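Undergrad:
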Amino acid sequence: PAHSQANEDTLQQRLQALIECARESWTYAVFWQLSYDFAAGEDDGGGNSSNTPLLAWGDGYYKGEEEKPMKKKPTPISAAEQEHRKRVVRELNSLISGGGGGTVNGGDEAGDEEVTDTEWFFLVSMTQSFINGSGLPGQAFSNSQTIWLSGSNALAGSSCERARQGQVYGLETMVCIPTENGVVELGSSEIIHQNSDLMDKVNSFFNPSN
Amino acid sequence: IPSVPQARKASLARFLEKRKERLMSA
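Which chain is which? The protein sequence lines are F and L, in order.
Heads up, the first sequence is in my numbering, so the first residue is 1 and it goes up one at a time.
Heads up, the second sequence is in my numbering, so the first residue is 1001 and it goes up one at a time.
1. Go to residue 204 of chain F, then tell me how far its alpha helix (DSSP H) extends in each direction, as first and last residue.
2. Within the continuous alpha helix (DSSP H) that includes residue 120 of chain F, where are the two ends?
3. For residue 205 of chain F versus residue 14 of chain F, is the C-beta distance shorter than 7 Å?
4. Hey, out of F:11, F:171, F:176, whose CA is closest to residue 134 of chain F's CA?
5. So if DSSP puts residue 1024 of chain L in a beta bridge, which residue, or which two residues, is it bridged to?
6. Suppose contacts are defined by Cβ-Cβ distances below 7 Å. Is residue 56 of chain F in contact with residue 186 of chain F by that definition?
7. Report the option in F:32, F:65, F:53, F:115 whose CA atom is closest to the CA atom of residue 76 of chain F.
8. In the DSSP output, what is residue 141 of chain F paired with across the bridge?
9. Taking only beta-carbon positions, decide if residue 113 of chain F is within less than 7 Å of chain L.
10. Kindly indicate the opening and closing residues of the alpha helix (DSSP H) around residue 83 of chain F.
11. Output needed for residue 172 of chain F: all residues of its chain with C-beta closer than 8 Å, excluding positions within five of it in sequence on either side, in chain order.
12. Given the structure, does residue 202 of chain F come close to the ligand FMN, in the sense that its CB is under 6 Å from one of the ligand's heavy atoms?
13. Should residue 11 of chain F go down as buried or exposed, given a rule of 16 or more other Cβ atoms within 10 Å for buried?
14. With a threshold of 7 Å between beta carbons, is residue 1011 of chain L in contact with chain F?
15. Between the stretch 49-68 of chain F and chain L, which residues of the former have a C-beta closer than 7 Å to a C-beta of the latter?
16. With C-beta atoms as the reference, is residue 1023 of chain L less than 7 Å away from residue 96 of chain F?
17. Is it the case that the Cβ atoms of residue 31 of chain F and residue 166 of chain F are separated by a distance below 7 Å?
18. Can you pull the chain L neighbours of residue 96 of chain F, defined as C-beta to C-beta under 8 Å?
19. Got a sec: which bits of the stretch 10-35 of chain F sit with their beta carbon under 8 Å from any beta carbon on chain L, in order along the chain?
20. At least one CB of chain L closer than 7 Å to the CB of residue 181 of chain F: is that the case?
21. Among the candidates F:168, F:124, F:58, F:143, whose CA atom is the shortest distance from the CA of residue 1008 of chain L?
22. Between which residues of its own chain and residue 148 of chain F is the CB-CB distance below 7 Å, once the five residues before and five after are set aside?
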């Protein structure tokens, strides 16, 4: 457990450094970690002991968006949808703080404020995983190739559901960079063009053998 | 929300804590 905790901490530090030291304005970074779905092997009922490789949530760092009053907002969500998001955040706060009905460090502010589209996208991402070869991270990993989508048309026109979902939630750029044992994904609500600087940083932060 | 796996709890706690800090400083 101590090793696992240390690994989580350094993963968080690397994701944070990646975003905070970047010239561009990234909204979030996620590390999709290569894992094996042991449950899938048990469920097949055919005695097949091979386990399915998948990319599961390793860790994530959410920075948020810069306030730009002139920026065109995506389609506004309904009051009911916003209420649903707030309720989920309140419940998650309660879950994390021990189920006592309170929130993290007390106070209700965090559950009553609007949950932005990119916050919601990041939260929902925690529940997702990708079979190797499927989805944006899965394709990047199986092909050992960076996927860089910039502009809402590129996201909306992608064959990957995750990219289309990202566009709906206001992202303008999504990038998946494969590493030795997973994929680093970054998203931004601004258009960021492909550059080798980011890929070099990911390479040096996330590939231990380099 | 019992389906949130235990392993992701740390990320979730961090996200919620930082969100609270952002809202407080806004």
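Note that beta-carbon positions come from the ideal geometry of N, C-alpha and C, so glycine has one too.
On a predicted model such as this, the values are computed, not experimentally measured, just so you know.
TA: So, from the data block:
1. 196-206
2. 117-125
3. yes
4. F:176
5. According to DSSP, which records beta bridges pairwise, residue 1024 of chain L is partnered with nothing at all.
6. no
7. F:115
8. Its beta-bridge partners do not exist; DSSP assigns none.
9. yes
10. Start and end: 79-96.
11. 150, 151, 152, 155, 188, 189, 190, 191, 192
12. You won't find the ligand FMN in this model; it holds no ligand whatsoever.
13. buried
14. yes
15. 57, 59, 60, 62, 64
16. no
17. no
18. 1009, 1012, 1013, 1016
19. Answer in chain order: 12.
20. So, not an interface residue.
21. For the residues F:168, F:124, F:58, F:143, the minimum Cα distance to residue 1008 of chain L belongs to F:58.
22. Closer than 7 Å at the Cβ level, and outside the excluded window around residue 148 of chain F, lie 175, 194.
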